[in-house]
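As structure tokens, the structure follows; a few thoughts come after it.
In the numbering used here, the protein residues as written are 4 to 340.
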């Protein structure tokens with residue numbers, strides 16, 4: 004059952020829902036939660052689909068968020084604190100059950116955790132464009148990360164660009180790059196099974212040993228030292244690596260004593276928490292998210308949807324995802340009723 008109503012001791016009706024919580028590292032569970040009363044500027048949303056952000060949520064699940072990053076890593080509607088108990092997640096698509104007339108009955112995206120129903124300010128949801136299915140719309144947060152990365156990286160027409168790491172973020176970046184006229188885009192990953200995904204995204208694919216060199220720009224998403232080193236090795240002189248990876252508390256080791264200085268290479272970070280400097284004065288985070296949803300009209304993104312489970316299965320699913328026993332890219336969660 005997605006939710007129910009019960010009568011409290013005072014006789015008032017209390018609205019309830021079910022939410023996924025990480026009780027402690029490695030231990031997920033489904034808990035009942037009480038919903039607050041809807042305010043005049045709020046919406047009540049019934050979730051129809053959520054997505055698991057494999058890299059970030061696996062770090063949270065394992066308890067690998069460094070203490071000095073607890074504040075920076077907070078999700079917009081997180082409850083609890085790291086390492087747990089914590090309610091965490093941010094890829095949620097639902098239908099507005101109650102709220103302003105313009106939103107009632109509309110399908111919306113919200114940066115909300117895995118929960119059957121929830122109440123948030125109306126300004127926190129963005130309407131999903133017609134023609135974008137809920138399963139694909141869960142990718143909005145990931146495509147938004149890719150949009151921000153390209154604003155940071157500023158690729159040019161005809162650039163030779165590599166994306167090292169064919170996870171959710173890397174694949175979204177590669178698909179957006181494929182739309183740049185004349186761009187030569189290669190997706191690089193250690194898993195040769197990703198060649199099919201690359202083909203579906205309209206880009207080339209290579210294993211690390213076969214990756215093309217002399218690249219004008221490289222975007223790195225593998226969250227490994229080896230991947231970042233490879234990204235540097237692929238560059239032309241004076242080239243730039245834009246690093247989107249989140250490493251948690253894992254140390255990063257690079258060889259900077261050989262050609263790094265003589266070739267005048269650059270490593271810069273891109274992170275979705277703030278709009279890229281090049282657009283910060285003209286675009287809000289809401290503008291960026293709305294753009295991501297518009298870009299998801301592209302059915303090629305369906306190549307990233309590689310698994311589906313029911314909400315009740317989420318504790319087991321998260322364990323399998325975090326330990327690598329459940330492969331794939333974006334695993335979505337379906338909510339019945």
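Glycine included, each C-beta is placed from N, C-alpha and C at the ideal position.
Secondary structure of residue 297 (DSSP, three-state): helix. Residue 109: not part of any beta strand (DSSP E); DSSP gives it neither H nor E. Residue state for residue 283 is assigned as coil, using DSSP reduced to three classes. Shown here, residue 249 sits in coil according to DSSP, grouped into three states, outside any helix or strand.
Secondary structure of residue 144 (DSSP, three-state): helix. Annotation: residue 63 to residue 112 spans about 22 Å, alpha carbon to alpha carbon. At a Cβ-Cβ threshold of 8 Å, residue 338 and residue 50 count as neighbours. Taken in chain order, the complete beta strand (DSSP E) segments of 3 residues or longer contained in the region 16-64 are 16-27, 30-37 and 45-55.
In the three-state reduction of the DSSP assignment, residue 118 falls in the strand class.
Ranked by Cα distance from residue 156, the options 128, 180 and 65 are led by 180. About 11 Å separates the beta carbons of residue 93 and residue 127, which is beyond the 8 Å limit, so they are not a contact pair.
According to the DSSP secondary-structure assignment, residue 337 is paired through a beta bridge with 52 and 313. For residue 181, there is no enclosing beta strand (DSSP E); the enclosing alpha helix (DSSP H) covers residues 171-181.
In terms of Cβ geometry, residue 299 and residue 146 form a close pair [threshold 8 Å].
Fewer than three pairs of CB atoms, one per stretch, sit closer than 8 Å, so the region 282-297 makes no contact with the region 187-200. Assignment of beta-bridge partners to residue 97 by DSSP yields 50 and 111. In the DSSP assignment, residue 131 falls outside any beta strand (DSSP E), carrying neither H nor E. Sorting 122, 80, 336 and 279 by C-alpha distance to the C-alpha of residue 309 places 336 at the top.
Boundaries of the beta strand (DSSP E) harbouring residue 208: 207-209, taken from the DSSP string. For residue 304, the CB contacts under 6 Å within the same chain, skipping 5 residues up- and downstream, are 139 and 142 in chain order. Sequence-distant partners of residue 132 (beyond 5 residues in either direction) whose C-beta falls short of 8 Å from its own C-beta, in its chain, are 296, 297, 299 and 300.
Under DSSP, residue 223 forms a beta bridge with 167 and 246. Counted as a single uninterrupted DSSP element, the beta strand (DSSP E) harbouring residue 270 occupies residues 269-272. Taken through DSSP and simplified to helix, strand or coil, residue 190 comes out as strand. Exclusion of the five residues before and after residue 41 leaves 47, 101, 102 and 122 as the residues of its chain whose Cβ lies within less than 8 Å of its Cβ.
Apart from the 5 residues on each side of it in sequence, residue 258 sits with its Cβ closer than 7 Å to the Cβ of 232 in its chain, given in chain order. Listed in chain order, the non-local C-beta contacts of residue 217 below 6 Å within the same chain comprise 239, local neighbours out to five positions each way being set aside. Across the structure, residue 105 and residue 96 are spaced so that their CA atoms are roughly 17 Å apart.
Judged by DSSP in its simplified three-state form, residue 213 adopts helix. In the displayed model, residue 67 falls within coil according to three-state DSSP, outside both helix and strand.
By the Cβ-count criterion, residue 246 is buried, with 16 or more other Cβ atoms from all chains shown falling within 10 Å of its own Cβ.
Taking each of 184, 136, 283 and 120 in turn and checking the Cα distance to residue 161, the smallest one comes out for 184. By the beta-carbon neighbour count (other beta carbons within 10 angstroms, threshold 16), residue 144 is buried. As a beta-bridge residue in DSSP terms, residue 123 pairs with 46.
The C-beta separation of residue 173 from residue 164 comes to about 12 Å, leaving the pair out of contact by the 8 Å criterion.
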